[in-house]
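Have a look at this one:
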């Protein structure tokens, strides 16, 4: 009887999983019209890619279509690359996550700079001011990471004592990009290219630099008055450390494969050493540019939203599970919610509420 029940359960599980690609395709087609901006989706289960496709237009003007090779602006998904750069420099012996800001920025206000450590920046527990809150509201020229430093280095206040609370911070990751430059002696873009993109053969990926072309680039759009309008850049779109990476489904899959095999470094060990529990939750942490949970298997999550892009990634390294949804439509969370519902109903119940972590980035 037990064997019969087990066989029946296995059949239902396999049958359910077999329907997943069709259900995913149906959702993506219904939410992304072929004549407007859209999305690219990849789902890999047990190391096997069961779904990989693009929908809609990468560029409404040229009518270029979205494919797995289309490069999307990652927004905050970029933070995992910034964090990896810091961890690689630590591995090289060139810095410590316990170093204070004043080691790298001697002119930083000591009331702040001597308290805030690299590990606080990595985990959004620094308490440093949001640059968006202190920038000139009439700002017209795009801010760079160096401008962020200028905006906050002379201020003597923090939102809280470093290490005591969690507050998502784009300022922190802009500063981390500058730390990479000062320690390595290379531009942030060059460092990431040499230490991450080239070793992993991520040949399509790049760090945004104004005026430099990006191959297979998706342009960003937002809905306004029932139609989509161009919305690719804002005054905060040129900062690199907090959101400047462009990559594709094809390249991003290589990045995750490297994390699964510890090709650059042991990500699980890095999280254990530098990760920090998030007080606003009962079961979630932040470390190395990732939100994560540890119910049995380590589950990694991050979202990335900016003026014309909306991205979601989930990885369970030990199970070789990966979900990647990149979109060149602002506020496209419904796409990701529908995908997560399908995957949760197909056996990945731990993903049912994973997108609630996205609320912590606001």
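In the working numbering, the protein residues as written are 154 to 515.
For glycine and all other residues, C-beta sits at the position ideal for the given N, C-alpha and C.
- Ranking 183, 347, 177 and 230 by CA distance to the CA of residue 394 puts 230 first.
- The DSSP-derived three-state label of residue 258 is coil.
- Of the residues 301, 173 and 482, the one whose Cα lies closest to the Cα of residue 189 is 482.
- When the five nearest sequence neighbours on each side are left out, the beta carbons in the same chain lying within less than 8 Å of the beta carbon of residue 361 are those of 226, 367, 390, 391, 393, 397, 398 and 399, in order along the chain.
- In the structure shown, the three-state DSSP call for residue 237 is helix.
- Just measuring C-alpha positions, the residue of 490, 256, 215 and 221 sitting nearest residue 358 is 221.
- Under the DSSP assignment, residue 201 falls in the beta strand (DSSP E) whose first and last residues are 201–208.
- Out of 268, 172, 380 and 319, the CA that lies nearest to the CA of residue 512 is found in 319.
- In the displayed model, residue 407 falls within a helix according to three-state DSSP.
- In the DSSP assignment, residue 303 falls outside any beta strand (DSSP E) and lies within the alpha helix (DSSP H) extending over 298–305.
- Distance check between residue 209 and each of 250, 333, 381 and 349 places 381 closest, using alpha-carbon atoms only.
- DSSP places residue 377 in the uninterrupted beta strand (DSSP E) bounded by 374–377.
- Non-local C-beta neighbours of residue 254 in its own chain, meaning closer than 6 Å and more than five positions away in sequence, comprise 261, 266 and 269, ordered along the chain.
- By the C-beta criterion, the stretch 304–320 is judged to be in contact with the stretch 270–285, since at least 3 inter-stretch pairs fall below 8 Å.
- Secondary structure note for residue 327: its alpha helix (DSSP H) is the uninterrupted segment 323–337.
- With 16 or more neighbouring CB atoms inside 10 Å of its own CB, residue 233 falls in the buried class.
- In the displayed model, residue 468 falls within a strand according to three-state DSSP.
- In the DSSP assignment, residue 198 falls outside any alpha helix (DSSP H) and within the unbroken beta strand (DSSP E) covering 192–198.
- Per DSSP, the unbroken beta strand (DSSP E) holding residue 459 starts and ends at 452–459.
- In the structure shown, the three-state DSSP call for residue 446 is strand.
- Among the bridge pairs identified by DSSP, residue 482 is matched with 374.
- For residue 381, there is no enclosing alpha helix (DSSP H); the residue is found in the beta strand (DSSP E) stretching over 380–383.
- A contact between stretches requires three or more CB pairs, one per stretch, nearer than 8 Å, and the stretch 186–205 fails this requirement with the stretch 348–355.
- Here residue 337 really is in contact with residue 242; their C-beta atoms are around 7 Å apart, less than 8 Å.
- In the three-state scheme derived from DSSP, where H, G and I count as helix and E and B as strand, residue 399 is classed as strand.
- By the neighbour-count criterion, in which 16 or more other beta carbons inside 10 Å mark a residue as buried, residue 216 falls on the exposed side.
- Under the three-state reduction of DSSP output, residue 184 falls in the helix class.
- In the DSSP annotation of this structure, the continuous segment of the beta strand (DSSP E) that includes residue 437 starts and ends at 437–440.
- In this chain, the alpha helix (DSSP H) harbouring residue 344 covers 341–345.
- In the three-state reduction of the DSSP assignment, residue 497 falls in the helix class.
- DSSP places residue 218 in the strand class (E or B) of the three-state scheme.
- Counted as a single uninterrupted DSSP element, the alpha helix (DSSP H) harbouring residue 266 occupies residues 263–266.
- Here DSSP, grouped into helix, strand and coil, assigns residue 213 to coil.
- Taking all protein chains shown into account, residue 290 has fewer than 16 neighbouring C-beta atoms within 10 Å of its C-beta and is therefore exposed.
- Put simply, of 493, 486, 496 and 478 the residue whose alpha carbon is nearest the alpha carbon of residue 193 is 478.
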